[in-house]
Amino acid sequence: MPLDRQAIEKRDFPIGRRGYDTAAVDAHLARLADEMEALQRQLKRRSGDSLAQAASERVRAIVEAAESSAAAIESSAEDEAQQVRAEAARDAERTRADALERAEDHVGRVAEASGEMLRRVEAMQEELGGLVDTLRTGAARVNADLTLLDSNMGDLRTAAGERPPEVAAAVAVPEPDPAAGLSRPPEAEPSENGAGTRAAAAEPAPPAPTAAPAEPEPDRVADAEGARLIALNMALNGQAREEADRYLAENFDLPDRAQLLDEVYATIETG
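Residue numbers (the UniProt record's numbering): 1 to 271.
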């Protein structure tokens, strides 16, 4: 049964002889009950303090665990963020290096192509300059040839038409001289062996008049360089090879027209 004041100070003991003094026993039991109540009150106070302290310790442990977990999470997040930043920096550096390499390669190819194009343009300029010089020389030669041809045409027209008086007098057949006829020896009598007939047949016949030289055709000009320049101009203008061949055949007298056209159009295609 529970030990309380009533259980300690109970008075329902059986009465007998030769026992303790009742008043003394009651007083002792009263003091004992007081001590018991004091102990119970002290125990209650200590129990309340222990619960509060345990709760405080538990709360402190929970807070410390939360703080430790938060610190670990923060540290892990910082490490992960640093790793992500390092990887991003490496990717950016690799991308920049690749872009720089591609740009340098592209610039090199462009510079090489530009240099090749410049060399080809300079070669074409030199060739065109040579063709222009050749054309000028050919034009001067053609002009001189035309002047000489015009002079020769005048002589041919004069030879074909009326001859000058001095030329007519020079080529006139002289009249027979009577004195020369008297002094000419008599014709040989025909002999039995026909010697006189052979002598008469041996006399040379008068020379036949020579024909006038044919008039050269003025439309055709034998100038390969002029034909080359004209063919080059037609090729640069995009005209077909057949058209250029037909034009050269109609206006120039060339020894090898096909070879000239091959060289001109090969130059345009490689250019």
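Ideal Cβ placement from N, Cα and C applies to all residues, glycine included.
Owing to the predicted nature of the structure, the values given are computational and were not obtained by experimental measurement.
For residue i and residue j, what's the separation of their Cα atoms in angstroms?
i, j, result
"Ala211", "Ala240", "Because Ala211 sits at a pLDDT of 41, beneath the cut-off of 50, its placement in the model cannot be relied upon, and the point is left open."
"Met36", "Ser56", "30 Å"
"Ala52", "Leu43", "14 Å"
"Ile230", "Arg246", "12 Å"
"Thr95", "Glu101", "10 Å"
"Ala224", "Leu118", "29 Å"
"Val132", "Arg257", "20 Å"
"Leu248", "Glu116", "33 Å"
"Leu148", "Val142", "10 Å"
"Ala97", "Gln82", "22 Å"
"Val121", "Ala235", "17 Å"
"His28", "Ser68", "59 Å"
"Glu32", "Ser47", "The question names Glu, but residue 32 in the sequence shown is Leu. The straight-line gap from Cα to Cα measures roughly 22 Å."
"Val25", "Asp34", "14 Å"
"Asp145", "Gly130", "22 Å"
"Ala199", "Asp150", "Note on Ala199: pLDDT 37, under 50, position unreliable in the model; the coordinate value appears next. Approximately 50 Å, taken between the alpha carbons."
"Ala88", "Glu78", "15 Å"
"Glu93", "Ile73", "30 Å"
"Arg45", "Glu64", "28 Å"
"Glu242", "Gln259", "13 Å"
"Asp91", "Ser76", "22 Å"
"Asp105", "Leu135", "44 Å"
"Arg60", "Arg41", "29 Å"
"Ala54", "Ile62", "12 Å"
"Ala103", "Ser114", "16 Å"
"Arg58", "Ala71", "20 Å"
"Ala38", "Ala23", "23 Å"
"Val221", "Met153", "In this predicted model, Val221 has a pLDDT of only 44, less than 50, meaning its place in the structure is not dependable; the value taken from the coordinates is given anyway. Taking the straight line from one Cα to the other gives about 16 Å."
"Val84", "Ser50", "50 Å"
"Ala86", "Ala66", "30 Å"
Can you check which of these residues, the options, is closest to residue i by C-alpha distance?
i, options, result
"Leu261", "Leu232, Ala54 and Leu29", "Leu232"
"Ala140", "Gly226, Ala24 and His28", "Gly226"
"Glu269", "Glu243, Ala249 and Asn237", "Asn237"
"Val264", "Leu128, Ser151, Ala144 and Leu146", "Leu128"
"Thr267", "Arg58, Ala65 and Glu126", "Glu126"
Exposed or buried, residue i, counting other C-beta atoms within 10 Å across all chains shown (16 or more means buried)?
i, result
"Glu80", "exposed"
"Arg228", "buried"
"Gly138", "buried"
"Ala244", "buried"
"Ala208", "In this prediction, Ala208 scores a pLDDT of 44, lower than 50, which makes its location untrustworthy; no coordinate-derived value is stated."
"Pro176", "With a pLDDT of 44 at Pro176, under the threshold of 50, the modelled position of this residue cannot be trusted; read the value that follows with caution. Answer is exposed; the Cβ neighbour count stays below 16."
Taking only beta-carbon positions, decide if residue i is within less than 7 Å of chain D.
i, result
"Asp34", "Among the chains of the structure shown, chain D does not appear; only one protein chain is present."
Requested in this report: Assess, as a yes-or-no matter, whether the region 245-257 is touched by the region 99-113 under the definition of 3 or more beta carbon pairs within less than 8 Å.
Outcome: no
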